[in-house]
Amino acid sequence: MSSRIPLPYAPRVLELFQNPQNLGRMEDATIVASAGSPACGDMIAFYLKIDDSDTITKSSFESYGCASNIAAASQLTIMIENKTLEEAWNFTWNDVSEALGGLPKVKTHCGSLAVGALRRAVRAYFKEITKASPGWLPGDLTKDEKHALEEEALAEKLGKKYKLL
Amino acid sequence: MSEIDKLLDQHGKAITEVYLDWENGSKIEKEVLDAMIPFYLDRKFGNPAITHRFGWETYDFYIGAKKTIAEPLNINPQSLAITQSFTESNNLAIKGIVRANKKKKKIILSEVEHLSVIHSAKSLYAEGVKVEIIPVSNDGVVNTDILQEKLDDDTLLTSIQAVNHEIGTIQPVKEAYEIVKDKNEDIIFHTDATSAFGRIPLDYSKLEVDLATISSDRILGPKGIAGLYVKEGIKIRPLYEGQLSVEILSPDVENSPLLAGFAKAVELQFARFDEIKRETSRLRDKLLYGFQTTIPRTDINGPQGNNRAPDNVNISFLGCEGEALTVESSMKGIYASSGSACTSRVLMPSHILTAIGRKPEEAHGSLLMKLTRINTEKEIDYVLETMPKVIERIRSITGGISL
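One line per chain: the protein sequences are G and W, in this order.
So in my numbering, spot 101 of the first sequence is number 101, and the numbers just go up one at a time.
So in my numbering, spot 213 of the second sequence is number 1213, and the numbers just go up one at a time.
Put into structure tokens, the structure is as follows:
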């Protein structure tokens, strides 16, 4: 290919950017987790309110990131509403991207980061709150979680002065 | 309705629109277009190297237009190679010099050169070229002490920009030039004057640089045409091959409409040079200090006052991610660009902002605006009135994420 397409946002991305659903800190959250790093210009904090039957009754987010990042986080909060933690866990970046009408290829990490932050929150919930891991929760890190870690590692590298050569 | 149409529909269009992204794309004025039209529709479109009336007419016009463009630089018009972009000029300056002078292998550049300079130089690694990068101060000023240290008998070429395109630093070109020529007269000195031409005085009869890049679109001339000054006696090879007409360094038939537009833009810019310089400097400072006064947690990128190009506004809004900032500004009718990683296709912020020691999170929140002779005070007032709301909304999304 001799040309490339710039960043064509689907209208849904812009819609959620203009009017983000479930935005903001949640004071009474059951669990909070974040992923990404300000150094990469890409960070999401996820707040979950979880009831006794492990169902997400409320979720919200904060985002330091681009329009896709904001839209991806917002979209995911909409998707996981009233879902059990297991159901919420099973959403992938691909589901988020699809719901947004498709993210540009270079922005897939935004969807990935939102999913990474959510899964981190779910793990934290079982580790810190219930202190018991359910059978469906994989022991190893999933792809989206690894992505978040990779980005954080990159941020560390960026933190040291970025040199051209 | 296409997806892009739907996107634009969702975006909406602000009643007031202020275009300040001149670094990334420019338009022309009616006067410039009018100067070009006859060359498309009527006469003087012939090949200036052919022996017939249309050819001679074109040749006559061509020489006159080059004289107009060369005049503000005080150079011989015959020494001005016409190219299709400043990117081509910079490629030609670097690669053309290396390929015509094979004995010496070292190129020295500053860390804040345009990517067309940096990438051209690095592309020559395979040809055995060594590239030395000179660091800059926190204001983006090239460190001439280190330049002096790096010069040696193997140095073929030094390339130091006249003005930085992102943060407006006016570089000590004269000092760098003298250091280089003191070391060895034969070291070739190129300056990328793309962001300086029409903004600050440049006289290459006094400061005898060997090569200088200028561009039409940076002074509201048409895109697709630029120049490279090549001092007489400098050995340089063209980038590509073809049939020669008038231009020795860029084969093909000369594009007279674009040259007419370029020449008209030069006339318009230089007829009011002092006034434009004064007026854009005033609007620049109004924006920079206006933002600093009305918006908390801002940082000016680059120098201030007379050390800064008159047209350059670059400021970091901490706690804001730049791509979100450009989208939100766009919805309010303000068009600017950012050094954020997310506006590009890699996760790296602008190499210039990191070179001046900005932390990545500071670079991500940067906004670049440029001022031209057609921007007005009313537009700047609208920007100053609107940006605090833009910043506030983006910061409300960032919320408590600590930076």
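Where is the CB? At the ideal position from N, CA and C, for every residue including glycine.
At the level of alpha carbons, what is the spacing between residue i and residue j?
i	j	result
Met-1001 (chain W)	Asp-54 (chain G)	43 angstroms
Gln-1243 (chain W)	Pro-1251 (chain W)	5 angstroms
Ile-80 (chain G)	Ala-88 (chain G)	5 angstroms
Cys-1320 (chain W)	Ser-1366 (chain W)	8 angstroms
Cys-110 (chain G)	Lys-1044 (chain W)	53 angstroms
Ser-1245 (chain W)	Thr-1083 (chain W)	13 angstroms
His-1165 (chain W)	His-1190 (chain W)	16 angstroms
Glu-150 (chain G)	Lys-105 (chain G)	17 angstroms
Lys-161 (chain G)	Glu-1361 (chain W)	Residue confidence for Lys-161 (chain G) is low, a pLDDT of 46 falling below 50, so the modelled location carries little weight; the figure read from the coordinates is stated next. Going by the C-alpha atoms only, they are around 12 angstroms apart.
Ile-1214 (chain W)	Lys-1066 (chain W)	13 angstroms
Asn-1101 (chain W)	Phe-1061 (chain W)	34 angstroms
Lys-163 (chain G)	Asp-1210 (chain W)	With a pLDDT of only 41 at Lys-163 (chain G), under the threshold of 50, the placement of this residue in the model should not be trusted; the figure read from the coordinates follows. Their backbone Cα atoms lie some 29 angstroms apart in a straight line.
Ala-35 (chain G)	Ile-1234 (chain W)	55 angstroms
Ile-1028 (chain W)	Ile-1037 (chain W)	13 angstroms
Leu-1020 (chain W)	Lys-49 (chain G)	44 angstroms
Glu-1379 (chain W)	Thr-1144 (chain W)	39 angstroms
Ala-1014 (chain W)	Met-1331 (chain W)	6 angstroms
Ala-1049 (chain W)	Leu-1249 (chain W)	15 angstroms
Gly-102 (chain G)	Ala-72 (chain G)	10 angstroms
Pro-1388 (chain W)	Pro-20 (chain G)	20 angstroms
His-1011 (chain W)	Gly-1399 (chain W)	24 angstroms
Gly-65 (chain G)	His-1114 (chain W)	26 angstroms
Ala-1263 (chain W)	Ser-1089 (chain W)	17 angstroms
Thr-1051 (chain W)	Ser-1205 (chain W)	34 angstroms
Ile-1352 (chain W)	Arg-12 (chain G)	33 angstroms
In the DSSP output, what is residue i paired with across the bridge?
i	result
Leu-1157 (chain W)	W:Ile-1107 and W:Ile-1188
Thr-130 (chain G)	Answer is none; Thr-130 (chain G) lacks a bridge partner.
Ser-59 (chain G)	G:Leu-48
Lys-1370 (chain W)	W:Asn-1312
Gly-1400 (chain W)	Answer is none; Gly-1400 (chain W) lacks a bridge partner.
Asp-1299 (chain W)	W:Ser-1316
Ala-117 (chain G)	None, per the DSSP bridge assignment.
Met-43 (chain G)	G:Gly-36 and G:Tyr-64
Thr-1386 (chain W)	In the DSSP output, where bridge partners are listed per residue, Thr-1386 (chain W) has none listed.
Hey, would you say residue i sits closer than 8 angstroms to residue j, going by beta carbons?
i	j	result
Asp-1203 (chain W)	Leu-1073 (chain W)	yes
Ile-1187 (chain W)	Leu-1220 (chain W)	no
Thr-1068 (chain W)	Glu-1267 (chain W)	yes
Gly-1096 (chain W)	Ile-1200 (chain W)	no
Lys-1150 (chain W)	Ile-1108 (chain W)	yes
Ser-1316 (chain W)	Thr-1326 (chain W)	no
Gly-1140 (chain W)	Pro-1296 (chain W)	no
Ser-74 (chain G)	Leu-16 (chain G)	yes
Arg-1358 (chain W)	Arg-1272 (chain W)	no
Arg-1284 (chain W)	Val-1313 (chain W)	yes
Val-122 (chain G)	Leu-85 (chain G)	yes
Of the choices the options, whose alpha-carbon is the least far from that of residue i?
i	options	result
Ser-62 (chain G)	G:Glu-27, G:Thr-84 and G:Asn-82	Looking at the sequence shown, residue 62 (chain G) is not Ser but Glu. Comparing Cα positions, the closest option is G:Glu-27.
Phe-1054 (chain W)	W:Ala-1196, W:Glu-1362, W:Ser-1123 and W:Ser-1256	W:Ser-1256
Leu-1259 (chain W)	W:Phe-1039, W:Glu-1392, W:Lys-1027 and W:Leu-1115	W:Phe-1039
Tyr-47 (chain G)	G:Ala-39, G:Asn-69 and G:Leu-23	G:Leu-23
Thr-1386 (chain W)	W:Tyr-1335, W:Tyr-1059, W:Ser-1079 and W:Lys-1359	W:Tyr-1335
Pro-138 (chain G)	G:Ala-153, G:Glu-152 and G:Arg-120	G:Arg-120
Arg-25 (chain G)	G:Ser-59, G:Cys-40 and G:Thr-92	G:Ser-59
Ile-1170 (chain W)	W:Ala-1309, W:Val-1230 and W:Leu-1318	W:Ala-1309
Ala-67 (chain G)	G:Asn-94, G:Trp-93, G:Gly-116 and G:Ala-10	G:Ala-10
Counting only runs of 3+ residues fully inside the stretch 1306-1338 of chain W, write out the beta strand (DSSP E) ranges in chain order.
-> Segments of the beta strand (DSSP E) lying fully in the stretch 1306-1338 of chain W: 1312-1317.
Where in the stretch 1194-1253 of chain W do unbroken runs of the beta strand (DSSP E), each at least 3 residues long, occur, reported from the N-terminal end onward?
-> Restricted to the stretch 1194-1253 of chain W, the beta strand (DSSP E) segments that are unbroken, complete and at least 3 residues in length are 1211-1215 and 1226-1230, listed in chain order.
Only counting runs of 3 or more residues, tell me where the beta strand (DSSP E) segments fall wholly within the stretch 1122-1174 of chain W, in order along the chain.
-> Note on the stretch 1122-1174 of chain W: whole beta strand (DSSP E) runs with a minimum of 3 residues are 1130-1134 and 1155-1159, in chain order.
Every unbroken alpha helix (DSSP H) within the stretch 1051-1105 of chain W, with a cutoff of 4 residues, ordered by chain = Runs found: 1053-1070 and 1086-1100.
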